[in-house]
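For reference, the structure discussed in these notes is given below.
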Amino acid sequence: KTFRIAMYPWFAIAHITPFIHMANKLAQRGHKISFFLPAKTLGKVEAFNLYPDLITFIPIIVPHVEGLPVGAETTNDPHFVFFDFTCWMPALTRKLGIKSVLYCIISSGTIGYILSPARKILERGLTGLDLLKPPKGFPSSSIKLRMYEAQGLAAGTKMDYGSGISFAERHLRSFSDCDAIAFKTCKEIEGPYCEYIGNQFEKPMLYAGPVVPEPQKMELEERWKIGPKLGLNKDQSQELVLGLELTGLPFLSALSEGFQERVNGRGFIYRGWIPQQLILRHISVGCFVTHCVSGSLAEAMVNDCQLVLVPHVGDQIINARLMAGDLRIGVEVEKGEEDGLFTKDDVNKVVKALMDDDSELGKEIRANHAKWKEFLLAQAIENSYMNDFVINLNTLV
Numbered sequence: 008k009t010f011r012i013a014m015y016p017w018f019a020i021a022h023i024t025p026f027i028h029m030a031n032k033l034a035q036r037g038h039k040i041s042f043f044l045p046a047k048t049l050g051k052v053e054a055f056n057l058y059p060d061l062i063t064f065i066p067i068i069v070p071h072v073e074g075l076p077v078g079a080e081t082t083n084d085p086h087f088v089f090f091d092f093t094c095w096m097p098a099l100t101r102k103l104g105i106k107s108v109l110y111c112i113i114s115s116g117t118i119g120y121i122l123s124p125a126r127k128i129l130e131r132g133l134t135g136l137d138l139l140k141p142p143k144g145f146p147s148s149s150i151k152l153r154m155y156e157a158q159g160l161a162a163g164t165k166m167d168y169g170s171g172i173s174f175a176e177r178h179l180r181s182f183s184d185c186d187a188i189a190f191k192t193c194k195e196i197e198g199p200y201c202e203y204i205g206n207q208f209e210k211p212m213l214y215a216g217p218v219v220p221e222p223q224k225m226e227l228e229e230r231w232k233i234g235p236k237l238g239l240n241k242d243q244s245q246e247l248v249l250g251l252e253l254t255g256l257p258f259l260s261a262l263s264e265g266f267q268e269r270v271n272g273r274g275f276i277y278r279g280w281i282p283q284q285l286i287l288r289h290i291s292v293g294c295f296v297t298h299c300v301s302g303s304l305a306e307a308m309v310n311d312c313q314l315v316l317v318p319h320v321g322d323q324i325i326n327a328r329l330m331a332g333d334l335r336i337g338v339e340v341e342k343g344e345e346d347g348l349f350t351k352d353d354v355n356k357v358v359k360a361l362m363d364d365d366s367e368l369g370k371e372i373r374a375n376h377a378k379w380k381e382f383l384l385a386q387a388i389e390n391s392y393m394n395d396f397v398i399n400l401n402t403l404v
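Okay, so the sequence shown: first residue is 8 according to the numbering used here, each after it adds one.
Quick look at the structure:
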């Protein structure tokens, strides 16, 4: 059976992109997708639609007032709506007899550790002290937070995301009210965390598998990929670039300007967005310094570049611990225990350890990375997960 699926991701490129990758995988199997996105974003993502006969982009002109403009409508009643941050979606789809699937692009380790119902956040709130230890029943993991990290994550759950609704409430309502939860991951990588979340929210758990994006066929300079907005402050950006300079290795940086003269001939600094997927798979790129958003990590895992982890805020922190601890496929740059700051020497130390052929740490990380890359790129693995995903959708209707 083929399905009609509507996709309504949070209107940010870092959310829209993984939804497009998922749409391509479903369309490859004959399913039809109506994909809602902001009208001004359409031109930036059209090139990534590999099945235009099956995936229809429906542009929405985001109004300055509440409500949608006349004319924004879908072509058929869908069987499912995939959403992630629009917590009001399940109540709407339920009235229409449509199943809602929360397709979460944040790692299951992050969701389970911070937003588990066992923490009773909406009743008691969440403090930094709470996050220094995992919630009741959480799987054994390498997640360990410093106090400043825990305090920042706790404060983030209280931030307003819309009129009168917090970040935590948005997520908890989405997880509690949906008909099923789906993660872009595999049992082999995040199985214990996904099972924990499914049990906590008492929802069916669907594994989409690696959802590896198809290799881009355009030339490196022809298309530009938009990346996430979160970044370092000026001082830490300078320390990062100075640390790269200390390595003596050639580098490309997408950070702010100001270092061109001193790194002339070895470093290139681009102020703006870069075509990351194409750059990471280029033969000359041996190391990737990343702030650890899920999309960037997924692209890096299926390429040969080694991972230097520099998390900044939010889920990036837990992503880094899982990559460096659970999977052992990257090394996190050391930061101050109290202020969370790193120095150029900290950056230089990690890059050199990963790039040195004789480094024991580098050998271990490279071997683990190669193992997971081979697993994630295995066509049989992806096909198996996507086929099972569709079978599990069948059980919901």
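Using N, Cα and C, we set each Cβ at its ideal position, and we do this for glycine too.
Bear in mind that the values here come from a model prediction, so they are computed numbers and not experimental data.
Check your understanding: Where does Q386 fall in DSSP's three states?
Key -> Along the sequence shown, read from residue 1 onward, the residue named residue 386 stands at position 379. Per DSSP, reduced to three states, the secondary structure at Q386 is helical.
Inset, instruction - Please work out which residues of its chain come closer than 8 Å, Cβ to Cβ, to A215, disregarding the five sequence neighbours upstream and downstream, and give them in chain order. - result: Walking along the sequence shown from the start, residue 215 turns up at place 208. The answer, listed in chain order, is M29, K32, Y110, A189, F190, K191, T192, Y392, M393, F396.
task: Please list, in chain order, all residues of the same chain as E80 whose beta carbon is under 7 Å from its beta carbon, the five residues on each side excluded.
output: As a working mapping, residue 80 is identified with position 73 in the sequence shown. Per-residue confidence for E80 stands at a pLDDT of 34, beneath the threshold of 50, marking its modelled position as unreliable; the derived number appears in the next sentence. Excluding its 5 nearest sequence neighbours in each direction, E80 has no C-beta neighbour in its own chain below 7 Å.
In the DSSP assignment, the beta strand (DSSP E) including G337 goes from what residue to what residue? Residue mapping note: residue 337 aligns to position 330 of the sequence shown, counting from 1. Taken as a continuous stretch (DSSP letters only), the beta strand (DSSP E) holding G337 covers 337 to 339.
Proximity below 8 Å, CB of L334 to CB of A307: Within the sequence shown, numbered from 1, the residue matching residue 334 stands at position 327. Within the sequence shown, numbered from 1, the residue matching residue 307 stands at position 300. If you check the CB distance, L334 and A307 do not come in under 8 Å.
- Query: Quick one: Cα of V404 to Cα of E371, how far?
  - Reply: Looking up residue 404 in the sequence shown gives position 397. Looking up residue 371 in the sequence shown gives position 364. In a straight line, the C-alpha of V404 is about 46 Å away from that of E371.
message = Suppose you measure from the CA of V340 to the CA of R101; what does that come to, to the nearest Å?
response = By one-based count along the sequence shown, residue 340 stands at place 333. By one-based count along the sequence shown, residue 101 stands at place 94. Pairing V340 with R101, the inter-Cα distance amounts to about 46 Å.
> Taking the beta strand (DSSP E) that R11 falls in, what are its first and last residues?
Replying inline: The residue labelled residue 11 in the question sits at position 4 within the sequence shown. Following the DSSP letters along the chain, one finds R11 inside the beta strand (DSSP E) bounded by residues 11 to 15.
Return yes when the Cβ of A161 is within less than 8 Å of the Cβ of G6, no when it is not. Within the shown structure, residues of the chain are numbered from 8 to 404, placing residue 6 beyond reach of any answer.
Open item on the list: If you reduce the DSSP assignment to three classes, tell me which class I233 lands in.
Closed with: If you number the sequence shown from 1, residue 233 lands on position 226. With a pLDDT of 37 at I233, under the threshold of 50, the modelled position of this residue cannot be trusted; read the value that follows with caution. Here I233 sits in coil by DSSP.
### Task
Rounded to whole angstroms, what's the CA-CA distance from E221 to K47? Just pull it up for me.
Looking up residue 221 in the sequence shown gives position 214. Looking up residue 47 in the sequence shown gives position 40. Cα to Cα, the separation comes out at about 24 Å.
Which listed residue (F10, N56, G50, K8) has its alpha carbon closest to that of F26:
For the purposes of this step, residue 26 is taken as residue 19 along the sequence shown, with counting starting at 1. If you compare the alpha carbons of F10, N56, G50, K8 with that of F26, the shortest gap goes to N56.
Item to complete: Kindly confirm or deny that the stretch 85 to 99 and the stretch 295 to 303 touch, where touching means at least three C-beta pairs closer than 8 Å.
Response: They do not touch, by the three-pair rule.
Residues bridged to P142 (per DSSP):
The residue you call residue 142 lines up with position 135 of the sequence shown. DSSP, once it has assigned bridges, lists no residue as partnering P142.
TODO: List in chain order: all unbroken beta strand (DSSP E) runs of 3+ residues lying wholly within the stretch 322 to 402.
DONE: Annotation: the stretch 322 to 402 contains the following complete segments of the beta strand (DSSP E) (minimum length 3 residues), in chain order: 337 to 339.
Is it buried or exposed for R131, if we count other Cβ within 10 angstroms and need 16 for buried? Sequence index remark: in the sequence shown, residue 131 carries index 124 (1-based). When all chains shown are included, R131 counts as exposed.
In its own chain, which residues sit with a C-beta less than 6 Å from the C-beta of K8, not counting the 5 before and 5 after it? Numbered from 1 along the sequence shown, position 1 holds the residue referred to as residue 8. Excluding its 5 nearest sequence neighbours in each direction, K8 has no C-beta neighbour in its own chain below 6 Å.
Self-check item: C-alpha gap between A157 and I113, whole angstroms
Solution: Position 150 of the sequence shown, counted from the start, is the residue given in the question as residue 157. Position 106 of the sequence shown, counted from the start, is the residue given in the question as residue 113. Cα atoms of A157 and I113: separation of roughly 17 Å, rounded to the nearest angstrom.
Quiz item: At which residue ranges does the stretch 150 to 221 contain complete beta strand (DSSP E) runs of 3 or more residues, listed in the order of the chain?
Solution: Fully enclosed beta strand (DSSP E) runs of 3 or longer: 187 to 190, 212 to 214.
TODO: Grab me the residues of K106's own chain with a C-beta within less than 6 Å of its C-beta, minus the 5 sequence neighbours each way, in chain order.
DONE: Position 99 of the sequence shown holds residue 106. Excluding residues up to 5 positions away in sequence, F87, D186, L403 lie with their Cβ nearer than 6 Å to the Cβ of K106 in the same chain.
**Request:** Tell me whether T48 sits in a helix, a strand or coil according to DSSP, three-state version.
**Result:** For this step, residue 48 is matched to residue 41 along the sequence shown. The three-state secondary structure of T48, taken from DSSP, is helix.
*Taking DSSP as the reference, what is the three-state secondary structure of K8?*
Taking the sequence shown and counting its residues from 1, one reaches residue 8 at position 1. Here K8 sits in coil by DSSP.
Hey, F90 and Y15: beta-carbon distance below 8 Å or not?
-> In the sequence shown, the residue the question calls residue 90 occupies position 83. In the sequence shown, the residue the question calls residue 15 occupies position 8. Yes, Cβ-Cβ distance for F90 and Y15 is below 8 Å.
- Query: If you count every other CB in all the chains shown that lies within 10 Å of the CB of N355, and 16 or more means buried, which is it?
  - Reply: Taking the sequence shown and counting its residues from 1, the one referred to as residue 355 is at position 348. It is buried - the Cβ of N355 has at least 16 other Cβ atoms within 10 Å.
In chain order, what residues of the same chain lie with their CB nearer than 6 Å to the CB of K43, ignoring the 5 residues before and after it? As a position in the sequence shown, residue 43 is number 36, starting the count at 1. Looking at the sequence provided, one finds Phe at residue 43 rather than Lys. Excluding residues within five positions, the ones whose Cβ falls inside 6 Å are Y15, I65, I67.
Distance, K210 Cα to S181 Cα:
Taking the sequence shown and counting its residues from 1, the one referred to as residue 181 is at position 174. Taking the sequence shown and counting its residues from 1, the one referred to as residue 210 is at position 203. Straight-line Cα distance between these residues: approximately 12 Å.
Please state whether the Cβ-Cβ distance between L247 and L239 is less than 8 Å. Position 240 of the sequence shown, counting from 1, holds the residue named residue 247. Position 232 of the sequence shown, counting from 1, holds the residue named residue 239. Yes, these two residues count as a Cβ contact at 8 Å.
Worksheet item: Looking only at C-alpha atoms, which of T24, H38, D363, R153 sits nearest to G255?
Response: The residue given as residue 255 occupies position 248 in the sequence shown. For the residues T24, H38, D363, R153, the minimum Cα distance to G255 belongs to D363.
- Item | Pairwise C-alpha distance: I388 and D60 | Stepping through the sequence shown from its first residue, residue 60 is reached at position 53. Stepping through the sequence shown from its first residue, residue 388 is reached at position 381. In a straight line, the C-alpha of D60 is about 26 Å away from that of I388.
Does the distance from the C-beta atom of G347 to that of A360 stay below 8 Å?
-> Residue 347 sits at position 340 when you count from the first residue of the sequence shown. Residue 360 sits at position 353 when you count from the first residue of the sequence shown. No, the pair does not count as a contact, with Cβ atoms beyond the cut-off.
### Message
Spatial neighbours of I118 within its chain, please: C-beta separation below 7 Å, excluding the five flanking residues on both sides.
### Response
Working through the sequence shown from its first residue, we reach residue 118 at position 111. Same-chain partners within the cutoff: C111, I204.
TODO: Would you please state the rounded distance, in angstroms, between the beta carbons of P146 and S123? I believe it to be under 8 Å.
DONE: Here residue 146 is taken as the residue at index 139 of the sequence shown, counted from 1. Here residue 123 is taken as the residue at index 116 of the sequence shown, counted from 1. Between S123 and P146 the Cβ distance is about 11 Å, and since that is not below 8 Å, they are no contact.
Outcome for Q386 when other beta-carbon atoms lying within 10 angstroms are tallied against a minimum of 16:
The residue labelled residue 386 in the question sits at position 379 within the sequence shown. A residue is called buried when at least 16 other Cβ atoms come within 10 angstroms of its Cβ; Q386 does not meet this threshold and is exposed.
Exercise. How would you label S41, buried or exposed, when you count the other beta carbons within 10 angstroms and need 16 or more for buried?
Worked result: For the purposes of this step, residue 41 is taken as the residue at position 34 of the sequence shown. S41 comes out buried.
Task: Of the residues E176, G332, E381, L139, the one placed nearest L152, counting alpha carbons only - done: Position 145 of the sequence shown, counting from 1, holds the residue named residue 152. It is L139 whose Cα lies nearest to the Cα of L152.
| message | Buried or exposed for L237, going by 16 or more other Cβ atoms inside 10 Å? | response | As a first step, residue 237 is located in the sequence shown; it is residue number 230 there, counting from the start. Confidence at L237 is low in this model, with a pLDDT of 46, below 50, so its placement is unreliable and no value can be given for it.
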